[in-house]
Amino acid sequence: MNPAIDAPTIEYGTLAPLLIVFGAAIIGVLVEAFAPRYLRKSIHVPLTLLSLAGAFALVLVQVLRGQVSTAPSAMGALAVDGPSLFLWGVILVLSFVCVLLVNDEGHFVASAASVPGSADEEGAESVDNGSGHTEVYPLVLFAVGGMLLFPAANDLLMMFVALEVMSLPLYLLCGLARRRRLLSQEASMKYFLLGAFSSAFFLYGTAMVYGFAGTVSLSGINHALSAGSGLDPLLLIGLSMLGVGLLFKIGAAPFQAWKPDVYQGAPTPITALMASGTLVAAVGAVLRVFWVGLGNLDWDWRPVIWVIAALTMIVGSVLAITQTEIKRMLAYSSVAHAGFLLVGVMATFGTAEQNAVSLKAILFYLAVYGVTTVGAFAVVTLIRDPGGEAGHLSRWAGLGKRAPMLAGTFAFFLLAFAGIPLTSGFFGKYAVFAAAVSSGTQPGDPIGGWMVGLVVVGVIASAVAAFFYVRVIVLMFFSEPAADGPAIAVPSMGTVAVIAVSLLVTVGVGLYPESVLGIANDAASSLFIR
Amino acid sequence: MTTHYLVLSGLLFAIGAMGVLIRRNAIVVFMCVELMLNACNLAFVTFSRQVGNLEGQIIAFFVMVVAAAEVVVGLAIIVTIFRTRRSASVDDANLLKY
Amino acid sequence: MESEIAQITQHTGGVIGNAWLMIAFPLVGAFILLVFNKLTDRWGHLLGVAMSLASFVVAVLAFFELIGFGASERRRAVELYEFIPNLDLKMGLLIDPLSISFALLITGVGSLIHIYSIGYMAHDEHRRRFFAYLNLFVSAMLLLVLADNYVGLFIGWEGVGLASYLLIGFWQFKPSAAVAAKKAFVVNRVGDFGLLVGMFVIWTTFGTLAFKDLYGKIGEAGASDGVMLAIGLLLLLGACGKSAQLPLQSWLLDAMEGPTPVSALIHAATMVTAGVYLVVRSGAFFFPEGSGAALAVTIVGAATLLAGAIIGCAKDDIKKGLAGSTMSQIGYMMLGAGLGPAGYAFAIGHLITHGFFKADLFLGAGSVMHGMNDEVNMRKYGGLRKFMPITFVTFFIGYLAIIGFPLLSGYFTKDGIIETAVHHAPVLGWLAVLGAGITGFYMSRMVFMTFFGQKRWADDAHPHESPAVMTVPLMVLSLGALGLGAWLVLGGTLYDFLIPSVGGSAAEAPKFNPFTTPGLVTLALVAVGAVFAWMRYGRAEVPAVQPRGSFLTTFARRDLYGDAINESLFMRPGQWLTRLAVFFDNRGIDGLVNGLAAGIGGSSGRLRRIQTGFARTYALSIFIGAALLTGALLLVGTI
Amino acid sequence: MSPWLPILMAVPVVGAIVVALLPKGSDKLAKQVTLLVSLVVLVLTGVMAAGFDPDGDRFQFTAAYNWIPSFGVKFGVGVDGVALVLIALSAVLVPIVVLASWHDADGVKTADGTLITPKRSVKTYFSLLLVLETMMIGVFAATDIFLFYVFFEAMLIPMYFMIGSYGGAQRSYAAVKFLLYSLFGGLLMLVAVIGLYVVAGKSTFMFPELVGAIQDPTTQKWLFGGFFIAFAIKAPLWPVHTWLPDAAAQAPAGAAVLLVGVLDKVGTFGMLRFCLELFPDAAKAFTMPIVVLAVISIIYGAIVAIGQTDMKRLIAYTSISHFGFIVLGVFAMSSTASAGAALYMVNHGFATGALFLAAGFLIARRGSPFISDYGGVQRVAPVLAGFFLVAGLAGLSLPGLSSFVSEFMVMIGTYESQAHGSGALTVAAVISAIAVILAAVYILWMVQRTINGPTAEPVKAFKDLNVREIVVLAPLVALIIGFGFFPKPLLDVINPSVHQTLTNVQVPVSTIAEKGTGQ
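Residue numbers (the working numbering), protein chains in the order written: chain U, 38 to 567; chain V, 7 to 104; chain Z, 73 to 711; chain L, 3 to 521.
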């Protein structure tokens with residue numbers, strides 16, 4: 038028993054992006070507390086954007102300097118390896134773009150506490166512009182911080198904390214919509230309750246695994262597994278419970294139920310953030326847990342994930358067909374995409390290069406899908422009725438005639454979702470499917486054929502999915518405009534920038550995917566730290 | 007020896023889960039979630055005793071903190087909902103569906 | 073006897089070397105008339121005539137150049153260009169006695185009919201288009217007979233089919249004309265199917281479609297008799313279609329919807345005889361004397377010659393009557409063509425003479441109609457000989473020729489066929505004799521109803537003689553009807569001339585001898601027929617409206633129920649099949665596709681109900697999901 | 003590295019951008035630019051084709067640039083004989099279609115002045131047209147299978163918009179049906195493409211290197227299936243044909259021409275090049291069933307065509323019959339038949355193109371696609387009637403017109419093919435020859451009901467073809483007749499690459515020599 042506790046070593050350089058984001062978040066809170074109301078926004082906006090940009094810059098620096106750490110940082114709590122850095126970069130870009138959307142007027146309630154329709158709400162409205170509460174920004178920053186932490190967490194405890202840090206602000210953000218506040222609050226409550234519920238499962242799973250392995254560090258678990266002390270039910274229960282928590286976050290069937298409601302109810306910029314950033318982070322975490330932690334257990338989890346992946350793709354695409362609300366439809370489409378990503382997760386086993394291939398595929402997919410999603414939601418924010426965004430699809434009829442550019446852009450995003458060639462989405466899909474097939478054809482894989490089968494399910498699902506994307510295009514271009522069509526809001530600079538960037542990326546990557554693929558390749562080549 | 011505790015934690019977890027499924031009042035539902043978390047805590051502590059390292063107990067502390075944070079957020083949300091709808095029943099809030 | 077068939081020698085230069093001009097002239101004419109349509113309205117018909125005459129001149133020159141060669145070198149092949157390399161097919165012409173005789177007939181009679189048409193179509197606003205089509209026909213027909221391979225022949229074959237389609241439907245604004253045109257084409261296509269498949273077999277068996285290569289290969293390829301018979305029958309099917317032989321005869325009578333010169337040129341003198349040409353041309357390969365195929369040809373011929381004659385007896389429409397007789401006469405030719413080299417000469421001979429006298433008759437009929445403002449019903453004629461003497465005389469010569477009145481063209485050629493037939497295939501031969509008798513009857517009936525008896529025409533009709541431009545061709549043709557037969561047959565001129573093409577040997581050239589049993593019987597029967605006709609239609613009063621006839625009469629009037637059979641056997645079932653198929657396509661296949669889509673949509677509609685909007689339901693789904701997941705993992709784990 | 007094909011593909015897309023960027027209200031200019039660009043492409047294609055050496059390497063004007071190294075994808079282009087003639091076909095058809103659909107976008111009025119289609123964006127239409135041209139050239143020029151696939155799928159989008167926004171009453175149904183149907187096939191093909199790449203393990207998609215890469219018969223069968231279904235839907239082959247009548251009937255005439263004339267050829271082209279050469283054993287194994295399907299298409303398509311009441315649908319069904327012939331030729335495993343099929347792809351493009359356009363001109367005057375609304379056009383518009391008739395005759399492949407040569411070669415080649423012992427294919431050839439009769443029925447019956455007969459009242463107001471319309475149809479008719487008598491130029495280009503294909507399939511190339519009559 039030596040009393041001296043040696044102080045933990047923290048690789049500040051490596052963790053700098055995290056620290057900046059969290060730091061900025063805390064400053065944001067202080068600003069909320071002390072800065073005069075009329076100043077806050079003008080402080081928050083640059084603060085938030087700069088912190089995100091700065092974090093991104095630091096990520097870049099690490100990559101360019103080739104300082105990608107190959108060992109866990111912060112006493113093994115975090116693993117800032119190639120994939121993490123890539124995911125960080127993606128998350129930071131996406132959240133930066135989302136913040137630009139957040140800046141746009143009129144998405145967020147002036148004062149969340151005020152009762153809808155009550156006098157004080159009116160009052161808050163009347164002294165609008167700068168007078169509104171600005172807690173949005175620090176909340177977003179905390180959420181982003183959580184997102185960064187989530188995929189980098191190297192032990193389950195850290196992952197749980199990250200999960201909560203990411204989720205809690207989002208629960209709140211969901212409830213801050215300015216229009217249709219009842220929906221917004223309902224969404225927020227549902228998200229909160231279900232989120233908490235699922236994270237409880239995650240935690241219980243952690244406990245079980247801890248009970249089995251005697252540690253919560255992924256590498257430790259992996260070690261314990263390779264030590265091969267039989268298949269302890271503890272472990273299996275734990276595994277499933279962890280799975281519940283994670284799959285809930287990426288919205289895989291049968292844990293997808295929250296997605297449409299929350300996506301519809303939440304303020305659109307936040308929906309964009311969840312649909313892009315959260316998904317990226319969650320998938321990263323899933324990969325880390327299943328591949329780093331439970332890599333030696335793939336014989337057991339792959340069949341299960343197979344079923345879930347197939348189910349998710351089918352449920353997502355089939356249910357989307359009959360949706361009449363654009364955000365709900367996109368929610369279901371994101372469920373379907375989660376399914377496609379799971380196909381990629383299925384492919385991460387076997388030889389090292391196979392891992393790299395599928396990892397690359399997933400990273401690429403996440404990047405391009407995230408960007409397209411943000412773009413799509415950005416367009417959604419612009420189509421407005423007096424009562425707020427014109428969510429109902431019937432309102433979109435004939436948009437192609439009234440706003441050709443906007444409609445064209447949206448159509449292009451939809452085609453990207455559908456995975457039509459010469460859009461980024463196609464290459465994402467191709468990458469994942471190709472990885473799956475190649476993993477399926479690895480020698481000595483008993484369920485290799487099943488992998489190909491999963492891919493076939495995937496293509497059929499995406500054929501079905503194509504239907505509802507195309508349906509929107511039909512509405513926009515082939516139907517006559519409604520007499521009292523929705524107004525096309527004059528977009529703020531920010532929104533314009535968002536749409537432009539997303540379009541640029543979607544087109545550019547569609548024409549020359551190597552641009553992003555190359556990076557994903559480098560990131561993936563140095564696998565997760567095991 | 008420890009199995010009893012595990013069984014207990016399991017029971018607590020189950021009760022919590024059931025509560026979430028059965029109770030209507032948002033507050034109660036939320037409390038049940040807390041109950042599930044505490045079940046986890048019990049499991050952690052037990053296991054930490056079983057495997058003979060302190061991680062589990064440390065985790066328990068973390069969990070409590072997180073739980074506390076959850077309470078803050080949760081109550082805020084529930085209160086707002088209650089103020090607008092004059093009801094804290096989870097079932098009343100189902101405008102979003104299909 | 074094949075041995076007598078001359079080798080084909082490649083030829084270049086001279087008129088024969090440029091024989092393609094024969095085809096080119098009318099083609100160019102048609103092209104100009106169709107492309108510069110309105111511009112050529114004024115002089116278009118003259119251009120048409122000129123072009124036809126031009127190729128006639130070429131034909132004549134080629135003929136003389138050809139007879140300049142010794143008999144054994146009278147088969148000159150002219151290569152034009154490579155057509156389908158994959159089939160080693162070069163487009164080329166074969167100028168030999170057979171093809172040149174046809175060329176002369178086509179261009180000669182063709183030109184006459186062109187000239188005649190100037191007058192006949194004078195009042196038609198689309199006369200220019202009419203001449204364009206005529207020119208098109210002439211050039212296609214020439215390609216048919218001059219081509220040195222089956223594909224080239226087939227192109228011409230369909231080309232004349234097209235021309236016939238266009239000309240039958242020339243007055244297409246009449247639905248009847250439009251329908252008749254389509255019918256002609258479709259029925260012909262049935263024949264073409266045979267010819268087409270025939271070509272498949274020939275190519276696959278002998279590896280060539282060119283006549284000159286076939287000679288070498290027939291023996292060596294060692295094709296089974298079955299194959300040879302198949303080829304023969306398939307080609308015969310084609311011939312039946314084009315030559316309106318049973319069972320594909322039905323279109324010819326409707327084809328009379330076309331202007332009369334068309335009926336004369338295409339549906340009497342030339343196109344319909346293409347089948348005979350095909351049989352004779354392929355005779356050396358696929359219809360050797362005594363082969364099954366040859367037998368089939370003779371049977372078809374005999375059957376058709378009777379059928380045509382019977383139909384001819386019952387028609388009051390002068391053109392349909394002539395059409396029936398055309399069927400019948402071609403039947404004779406077919407019969408002859410099935411009898412080997414001995415018969416070929418007479419078949420071709422009859423073909424040529426028939427070309428003249430039948431064209432003569434048709435144009436005569438046309439001239440009558442011209443004077444009777446397009447009345448075709450003979451019951452509304454009568455006693456016209458006084459009003460249109462020239463037409464009457466020429467028509468009468470044609471009449472004598474066709475019934476085989478001694479010393480006129482038809483006499484020699486038809487009698488020749490009958491003689492040979494009786495000699496080779498007695499039964500069929502005697503049928504032919506009977507046919508001759510019937511011919512005597514219905515042709516006489518026609519003449520008496522039209523030119524004799526008292527006038528039965530409507531008051532608004534003012535019968536008058538046709539202009540010279542129409543009567544002169546009539547005279548020329550009637551000259552042919554008079555003397556041509558004697559010149560061709562006596563001394564076996566034509567026979568010897570054709571030997572290089574169709575075989576046979578000068579040694580056994582059939583000597584013409586009228587005083588044989590069949591010959592005399594024929595004459596007797598013809599006389600009987602004529603007299604019988606005189607009693608019923610010359611002396612007796614001809615009722616202006618058609619009386620209800622006996623069963624036999626109705627049978628004949630209904631074209632032996634040919635159309636009825638086609639309708640009930642092919643048209644009706646076809647229509648049903650079509651409706652069925654369309655229904656199946658829309659409801660069945662497409663229904664399946666749309667049903668699938670609807671199914672997915674419906675299931676989606678039901679599934680989304682699961683999304684109740686109750687947070688606790690979602691929680692439940694999570695819980696159940698967790699349970700299943702755990703269960704599954706435990707299951708997999710324990711496996 | 004020859005720049006020809008990349009340039010050829012670049013020109014239209016640049017043109018498309020230019021057209022799209024033209025200021026508002028410059029519709030006329032947009033049309034002129036489009037026409038100019040398409041003519042430039044035509045000229046360039048002509049010059050390139052002149053430089054093609056039939057006896058040279060199989061693939062000429064090749065170029066390959068790294069495109070997506072991490073997928074092993076190259077931007078690889080190059081043409082063999084078949085591809086060349088098909089590119090030429092597209093290059094010829096596009097300017098004609100541009101001219102034909104000159105007024106399609108700016109609201110079509112009938113003779114009696116009723117508006118059929120409202121005014122729509124002209125610039126969009128023509129830039130879509132040019133984008134489509136790039137993709138058509140690209141899909142035939144691609145020697146990299148991935149690149150081929152990209153164009154194969156991307157092609158759907160411009161066509162989808164052309165049908166969907168410029169088509170008839172049912173346009174959106176037709177457009178969606180067309181897109182989803184083809185997309186479904188394409189996705190199955192995608193799996194096969196991936197499989198091919200993975201199994202071959204050559205980490206390249208370049209076609210020449212992948213020939214013979216797959217040996218295992220079972221694998222071949224699966225991959226073949228993936229490719230074939232996609233191509234069968236595209237072609238379209240019975241029973242996956244039902245999208246075509248809807249699409250063709252609803253699309254504006256010009257788009258229909260490109261759809262049936264070129265896009266569908268990608269299917270048969272793909273069968274000939276990819277299905278046969280990449281998976282020879284599978285191709286042989288599946289010959290019989292496919293031949294059966296082809297024969298069904300031939301007869302079935304013809305019979306259903308007879309029963310149609312809508313001109314464009316009728317033409318669409320005739321095309322299904324003709325595609326049956328092409329597929330039959332492709333899988334007859336005989337050089338004559340395959341060459342005939344390749345030739346048919348071109349001829350059918352001209353013939354059906356002419357027929358669709360002529361029908362389109364009729365419909366533009368009357369505003370109804372239904373045969374029963376016409377009659378006696380001959381009297382009022384003889385020139386239109388004449389062109390319609392000639393196009394129709396080409397459709398029933400009258401000897402002397404181009405389609406005959408190809409149809410004849412296909413049938414005779416199938417007849418002589420010994421692929422499945424004598425007999426099997428022989429029967430197929432004989433049955434398919436029945437279509438010769440049916441073709442006469444469906445074409446001439448339509449002609450009888452539209453062109454012939456007494457002139458219907460509304461038809462009396464018809465104007466005859468104007469100069470533009472004549473300029474549209476004349477070249478097609480000229481080509482139809484020209485290649486009807488002189489198919490050699492095309493065949494000389496086609497034959498070598500077809501022989502190459504069959505050699506890769508280890509089918510004895512039955513040439514003249516084997517027939518023994520060679521001089």
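Here a beta-carbon is modelled for each residue, glycine too, at the ideal position from N, C-alpha and C.
| Item | Value |
| --- | --- |
| Give the list of continuous beta strand (DSSP E) stretches no shorter than 3 residues that lie fully inside the stretch 607-680 of chain Z. | none |
| Whether or not the stretch 374-383 of chain L and the stretch 347-357 of chain L are in contact is what I'm after, with contact meaning three or more pairs of Cβ atoms, one per stretch, closer than 8 Å; do they touch? | no |
| Give me the subset of the stretch 691-704 of chain Z whose CB atoms are less than 8 Å from a CB atom of chain V, sorted by chain position. | A691, L692, F695 |
| Comparing alpha-carbon positions, which option in A578(Z), Q526(Z), F108(Z), W115(Z) lies nearest G610(Z)? | Q526(Z) |
| If you reduce the DSSP assignment to three classes, tell me which class Y417(L) lands in. | helix |
| Does the Cβ of T505(L) have 16 or more other Cβ atoms within 10 Å, making it buried, or fewer, making it exposed? | exposed |
| Return yes when the Cβ of M123(Z) is within less than 8 Å of the Cβ of F103(Z), no when it is not. | no |
| Residues of chain L with CB under 8 Å from L554(U), in chain order? | I70, S72, F73 |
| Under 7 Å Cβ to Cβ from A302(Z), same chain only, skipping five residues before and after it: list those, please. | V273 |
| Between the beta-carbon of T532(U) and the beta-carbon of T418(U), is there less than 8 Å? | yes |
| Where does the unbroken alpha helix (DSSP H) through K162(Z) begin, and where does it stop? | No alpha helix (DSSP H) holds K162(Z); the beta strand (DSSP E) holding it covers 161-167. |
| When DSSP labels each residue in this structure, what does M313(L) get in the three-state scheme? | helix |
| Of all the CB atoms in chain Z, is at least one closer than 8 Å to the CB of G402(L)? | yes |
| Per DSSP, which one or two residues make a beta bridge with F598(U)? | Nothing about residue 598(U) can be read from this structure; chain U reaches only from 38 to 567. |
| Would you be able to state if there are at least three C-beta pairs under 8 Å between the stretch 295-315 of chain U and the stretch 172-191 of chain U? | yes |
| Find the residues of chain V that neighbour R678(Z), judging by a C-beta separation of less than 7 Å, and give them in chain order. | Those within 7 Å of R678(Z) in chain V number zero; the least Cβ separation is about 11 Å. |
| Please identify the residue among G522(U), E517(U), I420(U), A373(U) whose C-alpha is closest to the C-alpha of G495(U). | A373(U) |
| Classify I420(Z): buried if its beta carbon has 16 or more other beta carbons within 10 angstroms, exposed otherwise. | buried |
| What residues from chain U crowd round R89(V), counting only those whose CB sits closer than 7 Å? | V152 |
| With a threshold of 8 Å between beta carbons, is S163(U) in contact with chain L? | Because S163(U) sits at a pLDDT of 42, beneath the cut-off of 50, its placement in the model cannot be relied upon, and the following sentence gives the value as read from the coordinates. No, because no Cβ of chain L sits closer than 8 Å to the Cβ of S163(U). |
| Quick check: is the beta carbon of G673(Z) nearer than 8 Å to any beta carbon in chain U? | yes |
| On the criterion of 16 or more Cβ atoms from any shown chain inside 10 Å, does G332(U) qualify as buried, or is it exposed? | buried |
| Below 8 Å on the Cβ atoms is my guess for A78(Z) versus P572(Z); work out the distance and round it to an integer in Å. | 4 Å |
| Return yes when the Cβ of D388(Z) is within less than 8 Å of the Cβ of N449(Z), no when it is not. | yes |
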